[in-house]
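Reading the sequence shown from the start, the letters are residues -21 to -1, 1 to 291 in mature numbering (1 follows the signal peptide of the UniProt record, and there is no 0).
C-beta atoms are modelled at their ideal positions from N, C-alpha and C, and glycine is treated no differently.
Written below as structure tokens is the structure these notes are about.
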Amino acid sequence: MKLLSSLLCPCLALVSLTLHAQEPERIRDVIYTKHDGVALTMDVFKPAKPNGAGIIKIISGGWKSNHNGISDGGWPKAGYTTFVVVHGTQPRFQVEEIVADLNRAVRFVRAHAVEYGVDPQKLGVTGGSAGGHLSLMLATRGGPGDPKAADPVDRESSAVNAVACFYPPTDYLNWFEPGDNAVGIGKLAAYAAAFGPKAATEEGRATLGKELSPIYWVHKGLPPIFIVHGDADPQVSITQSQRFLKRCHEEGVVCELVIRLGAGHGGWQEMPQDTERMTEWFDLQLLGKQPAKAFTLDVSSLPSTPVQKAKK
């Protein structure tokens, strides 16, 4: 028995070291900007076997963001260096400021791409709900930095190279129906503080609604976009994604929408499969790796199964 034990111990130690080596290296609390007395951070997850591309994962729900929501999302397992971004939270910070935070985060990642072993021209972005909205704001409005900026980070572009997101708001002026303004009123009255004082007037809401709605900024040259959205979503209407895809196709932008039939605002069992499909999207768009099943680059639908809530 002693001989068997002495033989097994080194083997078990080797297995333990191998499993540990597969875990991504986590760099916590990397500061990407400071303003208003607050330091905003991201956590960087470096995979064991990097593929040279990066994913910017936005932590945001209702434009609230905190460090408790940080996870690598599984992206490092596919080789992606993952930058998990925490932004300033409403109501202290308004949506306009939060969008600026995310632009700064992308510029920071690009400025430090070599340091993290990432190609600055292979950056994807992902998020859900408000995180999806912010992903599409980067897709439609991200752009060149200021070449005269004192901070070298601000000289970098905030444009991303591919997007994959869940149930994103795209048009605050037509929330569920045409003319259904939700800029801090109506169905989003609870978020009035997030839109700030400009949303107090009809004119201000019209201006903000256009400024913060990705659908009005679709243009040729956008990165390829993949969206998954439930058709029974009670918070963000499926029409938001349907009309966004239609607008993209009018401009010749590569966009695909997968509709999960009967699904609400998250909470379906097939979400891990959707994330796997998003990985294939990034593999294709950032690495040129063809998927086993081709993308439709249009609208398709799949069934959904609600996650069963645990009984109390």
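By Cβ distance below 7 Å, which residues in the same chain neighbour residue i in space, the five residues on each side in sequence not counted?
{"i": "Trp196", "result": "Thr119 and Arg120"}
Would you identify the three-state DSSP class for residue i, choosing helix, strand or coil?
{"i": "Arg226", "result": "helix"}
{"i": "Ser279", "result": "strand"}
{"i": "Trp260", "result": "helix"}
{"i": "Gly188", "result": "helix"}
{"i": "Val237", "result": "strand"}
{"i": "Pro285", "result": "strand"}
{"i": "Gly40", "result": "strand"}
{"i": "His91", "result": "coil"}
{"i": "Ala211", "result": "coil"}
{"i": "His66", "result": "coil"}
{"i": "Gly245", "result": "strand"}
{"i": "His14", "result": "strand"}
{"i": "Val9", "result": "strand"}
{"i": "Ser(-17)", "result": "Confidence at Ser(-17) is low in this model, with a pLDDT of 47, below 50, so the placement of that residue is unreliable and no value is reported for it."}
{"i": "Gly52", "result": "coil"}
{"i": "Lys25", "result": "strand"}
{"i": "Phe274", "result": "coil"}
{"i": "Gly183", "result": "helix"}
{"i": "Ile194", "result": "helix"}
For residue i, collect the residues of the same chain with a Cβ closer than 6 Å to its Cβ; drop the 5 residues on either side in sequence, then sort them by chain order.
{"i": "Ala161", "result": "Tyr151, Trp154 and Leu167"}
{"i": "Leu102", "result": "Gly33, Val139 and Asn140"}
{"i": "Gln69", "result": "Trp42 and Ala173"}
{"i": "Gly183", "result": "Lys177"}
{"i": "Gly31", "result": "Asp98"}
Can residue i and residue j be called in contact, C-beta distance under 8 Å?
{"i": "Leu240", "j": "Ile206", "result": "no"}
{"i": "Val65", "j": "Ser44", "result": "yes"}
{"i": "residue 302", "j": "Thr258", "result": "Residue 302 cannot be examined here, being either before or after the span of the chain that is shown, -21 to 291."}
{"i": "Gln219", "j": "Pro147", "result": "yes"}
{"i": "Val215", "j": "Gly246", "result": "no"}
{"i": "Thr105", "j": "Lys36", "result": "yes"}
{"i": "Thr60", "j": "Pro29", "result": "yes"}
{"i": "Glu4", "j": "Lys25", "result": "yes"}
{"i": "Ala18", "j": "Ile6", "result": "no"}
{"i": "Gly188", "j": "Gln73", "result": "no"}
{"i": "Val78", "j": "Met116", "result": "yes"}
{"i": "Thr284", "j": "Glu249", "result": "yes"}
{"i": "residue 307", "j": "Asp277", "result": "With the chain running from -21 to 291 in the structure shown, residue 307 is simply not present."}
Report whether the distance from the Cβ of residue i to the nearest heavy atom of the ligand ADP is below 7 Å.
{"i": "Asn45", "result": "Ligands displayed in this structure: none; no statement on the ligand ADP is therefore possible."}
Whose C-beta lies closer than 8 Å to the C-beta of residue i among residues of the same chain, with five residues either side of it excluded?
{"i": "Leu(-5)", "result": "With a pLDDT of 39 at Leu(-5), under the threshold of 50, the predicted position of this residue should be treated as unreliable, and no value is reported."}
Original post:
Is there contact here, the stretch 84 to 93 with the stretch 117 to 137, by at least three beta-carbon pairs under 8 Å?
Top reply: yes
Subject >> Runs of beta strand (DSSP E) lying entirely within the stretch 85 to 143, each at least 3 residues, in chain order >> reply: 102 to 107
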